[in-house]
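Numbering (our numbering), first residue to last: 133 to 778. Backbone N, C-alpha and C define an ideal beta-carbon position, used for all residues, glycine too. Everything below concerns the one structure shown next.
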Amino acid sequence: MNVSTKKTVAASFSDLSKRVLLGTVLSASSAVALRAAEPARPNILWVVSEDNGCFLGAYGDPLAQTPTLDKLAEEGVLYERCFAQPVCAPARFTLITGMYAATAGPAQHMRASGKIPAWLEGFPERLRAAGYYTSNNVKTDYNAPININAAWDAASDTADWRGAQPGQPFFSVFNYEVTHEHMVFPDYVPKFDFLRTNPAAVRIPPYQPDTPEMRQDWANYYDEMRLLDGQIAAKLRELEKDGLADNTIVFYYADNGGVLPRSKRFLQESGTRVPLIVYYPPRWRHLAPAAPGSRLTDPVDFSDFAPTVLSLAGVKIPDYMQGRPFAGPARTGPNEFVFTTRDRMDERYDMMRSVVDTRWLYIRNFRPDLPYMQPLDYQFRALGYQSWARLAAEGKLTPATAQFWGEKPSEELYDMEADPDNVDNLAGSAAHAAIVEKMRARLRQRMVKICDNGLLPEGSVLEGYDASHQPGAWPVGRVFDLAILASQRDADNLPAFIQGLADKSEPIRWWAARGCTMLGAKAAPAEAALRERLHDKSGAVVVAAAEALARLGRTDLALPALEKQLMANDTPGFIMQAANVLDRLGEAARPALPEMKRALALAPSVPGGHYPPQQAVAHAIAVLEGTTAPFAYPPVKSAAAASALQ
Numbered sequence: 133m134n135v136s137t138k139k140t141v142a143a144s145f146s147d148l149s150k151r152v153l154l155g156t157v158l159s160a161s162s163a164v165a166l167r168a169a170e171p172a173r174p175n176i177l178w179v180v181s182e183d184n185g186c187f188l189g190a191y192g193d194p195l196a197q198t199p200t201l202d203k204l205a206e207e208g209v210l211y212e213r214c215f216a217q218p219v220c221a222p223a224r225f226t227l228i229t230g231m232y233a234a235t236a237g238p239a240q241h242m243r244a245s246g247k248i249p250a251w252l253e254g255f256p257e258r259l260r261a262a263g264y265y266t267s268n269n270v271k272t273d274y275n276a277p278i279n280i281n282a283a284w285d286a287a288s289d290t291a292d293w294r295g296a297q298p299g300q301p302f303f304s305v306f307n308y309e310v311t312h313e314h315m316v317f318p319d320y321v322p323k324f325d326f327l328r329t330n331p332a333a334v335r336i337p338p339y340q341p342d343t344p345e346m347r348q349d350w351a352n353y354y355d356e357m358r359l360l361d362g363q364i365a366a367k368l369r370e371l372e373k374d375g376l377a378d379n380t381i382v383f384y385y386a387d388n389g390g391v392l393p394r395s396k397r398f399l400q401e402s403g404t405r406v407p408l409i410v411y412y413p414p415r416w417r418h419l420a421p422a423a424p425g426s427r428l429t430d431p432v433d434f435s436d437f438a439p440t441v442l443s444l445a446g447v448k449i450p451d452y453m454q455g456r457p458f459a460g461p462a463r464t465g466p467n468e469f470v471f472t473t474r475d476r477m478d479e480r481y482d483m484m485r486s487v488v489d490t491r492w493l494y495i496r497n498f499r500p501d502l503p504y505m506q507p508l509d510y511q512f513r514a515l516g517y518q519s520w521a522r523l524a525a526e527g528k529l530t531p532a533t534a535q536f537w538g539e540k541p542s543e544e545l546y547d548m549e550a551d552p553d554n555v556d557n558l559a560g561s562a563a564h565a566a567i568v569e570k571m572r573a574r575l576r577q578r579m580v581k582i583c584d585n586g587l588l589p590e591g592s593v594l595e596g597y598d599a600s601h602q603p604g605a606w607p608v609g610r611v612f613d614l615a616i617l618a619s620q621r622d623a624d625n626l627p628a629f630i631q632g633l634a635d636k637s638e639p640i641r642w643w644a645a646r647g648c649t650m651l652g653a654k655a656a657p658a659e660a661a662l663r664e665r666l667h668d669k670s671g672a673v674v675v676a677a678a679e680a681l682a683r684l685g686r687t688d689l690a691l692p693a694l695e696k697q698l699m700a701n702d703t704p705g706f707i708m709q710a711a712n713v714l715d716r717l718g719e720a721a722r723p724a725l726p727e728m729k730r731a732l733a734l735a736p737s738v739p740g741g742h743y744p745p746q747q748a749v750a751h752a753i754a755v756l757e758g759t760t761a762p763f764a765y766p767p768v769k770s771a772a773a774a775s776a777l778q
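See the structure below:
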């Protein structure tokens with residue numbers, strides 16, 4: 133068939149899926165046979181890319197070469213304000229349950245297993261009960277013991293919709309790893325059959341340093357997005373070849389924000405704003421929230437996806453789901469705001485929360501004393517991150533690029549319309565005080581309502597859905613308020629921390645100790661109360677009190693307590709917390725070096741060799757032994773030095 137004939141045939145197809153055939157033409161007889169048994173409910177297809185922001189022409193990116201996805205946006209509905217959790221497994225928990233991972237700790241941490249209630253199921257199980265065939269190719273890393281066999285008829289790297297019976301509707305998921313974080317690592321050498329992106333042509337945002345490595349990472353990522361577009365085009369051709377395109381609603385989205393520095397793992401737009409495009413074939417356009425080609429600015433997040441699919445399929449949405457359906461007969465009014473979370477990433481702790489509406493992004497940093505950039509092993513395999521660290525060590529960062537290396541502000545507010553790079557923090561602006569106050573109130577409302585498990589230490593007996601939602605189990609609102617006081621780093625709050633150290637509630641004692649840590653030397657009047665907590669029944673409180681004492685120069689008291697927790701093999705969360713504190717102490721932790729080596733030798737062997745406490749301890753040892761450069765944590769006096777000053 134010559135080129136002109138292909139164009140003529142393609143032009144005769146009216147819907148999007150036929151126009152993305154890219155040269156594949158079906159015979160009329162085969163198409164009729166495959167469409168003979170059309171289901172009474174729509175098929176639903178998810179095509180999911182990993183670790184990318186809105187690197188699409190449809191989102192206004194001039195360098196992107198994504199014709200398939202751009203065409204999908206032209207014929208579908210594009211969401212301008214879709215926000216995900218900033219890393220894959222907690223985000224995937226939200227997708228499969230319709231609930232935030234922070235409701236069932238420790239699912240909010242990356243590399244954990246959330247404690248879920250016995251009644252919680254993956255939402256595809258409800259689709260199966262309603263007659264749908266469900267397939268997943270291939271990610272099932274839900275950060276929780278979701279019953280995979282109950283959720284999916286097929287879950288493997290060969291699973292697809294073809295297992296469905298004639299006339300049976302399907303829900304099928306395909307995950308594409310070509311854009312995953314490791315694809316920008318130097319040991320990955322992809323094959324490209326096109327002219328690659330010129331690093332000189334990319335735009336480096338002001339928060340990143342303009343280094344050759346950073347430019348190369350950006351260029352590589354544009355190439356990977358182009359490969360992704362081709363892979364999705366191939367999947368849509370398969371759908372058409374099987375005669376299913378006319379009856380299939382297609383979702384395209386990314387599972388979390390991009391992997392370029394200050395993206396994945398962070399709550400700025402670069403780490404949480406993701407593309408979302410939904411295409412409705414003509415037969416099912418009455419289920420769409422808007423006409424083809426629409427661009428919606430109402431905010432949505434991943435908690436909305438499960439109820440939306442159930443709505444499209446005509447399945448009852450369970451009351452426990454925390455999101456809202458944005459399409460189908462059960463569609464509700466738009467979200468006023470959406471919510472994202474960041475907690476431990478692999479071996480490094482932090483805690484951030486955000487609320488986002490149509491214009492404003494508000495971030496609360498609950499550990500502002502910790503820099504954004506911590507020595508997270510996997511993240512720093514990217515050359516762009518390494519180049520940023522090199523400039524930081526050489527003292528060559530600009531004010532804009534240095535923001536990510538010092539201590540964080542307690543609050544951040546960004547105007548997403550005027551400042552899409554999120555570099556102008558308006559939280560301290562008097563002109564924006566009312567907006568900040570409104571966002572603070574929204575944050576408290578959401579965190580208290582879901583019993584946010586990020587307010588609990590990892591390893592707490594209160595962690596998990598059942599324990600944390602038990603009426604009266606812990607004073608959620610009071611814990612939130614004390615955590616806010618702690619993050620303010622105001623010495624006027626010290627009396628509240630001293631009082632909190634004696635509270636009967638574990639999370640109150642924990643946040644009181646953390647508040648003292650964040651005050652540093654200003655917490656000296658709390659020393660006696662902190663020493664009492666070195667014998668606390670909660671290992672997490674012991675670790676927090678030990679860090680606060682170390683910040684007062686009392687490493688002679690802190691190190692033995694941390695060493696003991698380092699050996700708490702029955703509670704990996706406490707080991708992790710102790711390892712992180714020892715690593716942050718740097719040279720002040722040298723007396724604990726022998727015990728750290730013993731802990732490393734006793735670390736359990738796990739599949740893939742990925743045991744986060746082991747990584748944190750190994751880094752602390754390497755710094756003390758001089759085999760790696762120390763990270764830019766705030767310096768800590770040794771006990772001897774503190775005594776000399778008294």
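Ends of the beta strand (DSSP E) at residue i?
| i | result |
| --- | --- |
| THR266 | 265 to 269 |
| GLU212 | 209 to 215 |
| ARG294 | Where ARG294 is concerned, there is no enclosing beta strand (DSSP E), given that its DSSP letter is neither H nor E. |
| ILE567 | No beta strand (DSSP E) contains ILE567, which is instead part of the alpha helix (DSSP H) from 565 to 581. |
Using CA coordinates, which residue listed in the options is at the minimum distance from residue i?
| i | options | result |
| --- | --- | --- |
| ARG572 | PRO337, PHE469 and ILE336 | PHE469 |
| THR472 | ARG574, ALA645, ALA656 and SER288 | ARG574 |
| ASP430 | LEU188, TYR411, ALA261 and PHE458 | PHE458 |
| HIS314 | ASP355, GLN709 and ASP183 | ASP183 |
| GLY591 | ALA710, VAL410 and LEU515 | ALA710 |
| LEU734 | ASN175, ILE707, GLY538 and VAL316 | ILE707 |
| GLU207 | ALA534, TYR412 and THR530 | TYR412 |
| GLY516 | ALA724, LYS203, VAL316 and GLN300 | VAL316 |
| ARG496 | TRP251, VAL675, ASP613 and ILE176 | ASP613 |
| GLU253 | GLU309, PRO331, ASP451 and LEU428 | ASP451 |
| ALA291 | VAL270, ALA678 and ALA655 | VAL270 |
| GLU479 | LEU694, PRO744, ILE567 and LEU717 | PRO744 |
| VAL674 | ASN625, PRO692, LEU684 and TYR308 | PRO692 |
| THR490 | ASP482, PHE512, ARG427 and TYR504 | ARG427 |
| ALA355 | ALA366, ARG328, ASP374 and THR760 | At residue 355 the sequence reads Asp, which differs from the Ala that was named. Of the candidates ALA366, ARG328, ASP374 and THR760, the one whose C-alpha sits nearest the C-alpha of ASP355 is ARG328. |
| TYR264 | ASN275, ILE280 and TRP284 | TRP284 |
How would you write the range of the alpha helix (DSSP H) that residue i sits in, first residue to last?
| i | result |
| --- | --- |
| ALA672 | 671 to 683 |
| ILE630 | 626 to 632 |
Taking just the CA atoms, how far does residue j sit from residue i?
| i | j | result |
| --- | --- | --- |
| PRO828 | THR687 | With the chain running from 133 to 778 in the structure shown, residue 828 is simply not present. |
| ARG213 | HIS241 | 24 Å |
| GLU543 | ALA422 | 35 Å |
| GLN297 | PRO414 | 23 Å |
| GLY527 | LEU689 | 34 Å |
| ALA748 | ARG522 | 21 Å |
| PHE763 | LEU587 | 27 Å |
| TRP416 | ASN379 | 7 Å |
| ILE278 | MET231 | 13 Å |
| LYS570 | GLY246 | 31 Å |
| ALA236 | PHE326 | 45 Å |
When DSSP labels each residue in this structure, what does residue i get in the three-state scheme?
| i | result |
| --- | --- |
| PHE612 | helix |
| GLU309 | coil |
| ARG730 | helix |
| SER600 | helix |
| ARG167 | In this predicted model, ARG167 has a pLDDT of only 46, less than 50, meaning its place in the structure is not dependable enough to derive any value. |
| ARG224 | helix |
| MET357 | helix |
| LYS769 | Residue confidence is low: LYS769 scores 47 on pLDDT, short of 50, so the model does not pin down where it sits. Its coordinate-derived value is still stated next. LYS769: coil per DSSP, three-state reduction. |
| ALA286 | strand |
| MET484 | strand |
| ILE278 | coil |
| ILE336 | coil |
| ASP688 | helix |
| ALA761 | coil |
Should residue i go down as buried or exposed, given a rule of 16 or more other Cβ atoms within 10 Å for buried?
| i | result |
| --- | --- |
| HIS418 | exposed |
| SER561 | exposed |
| PHE303 | buried |
| VAL593 | exposed |
| ASN585 | buried |
| ASN701 | exposed |
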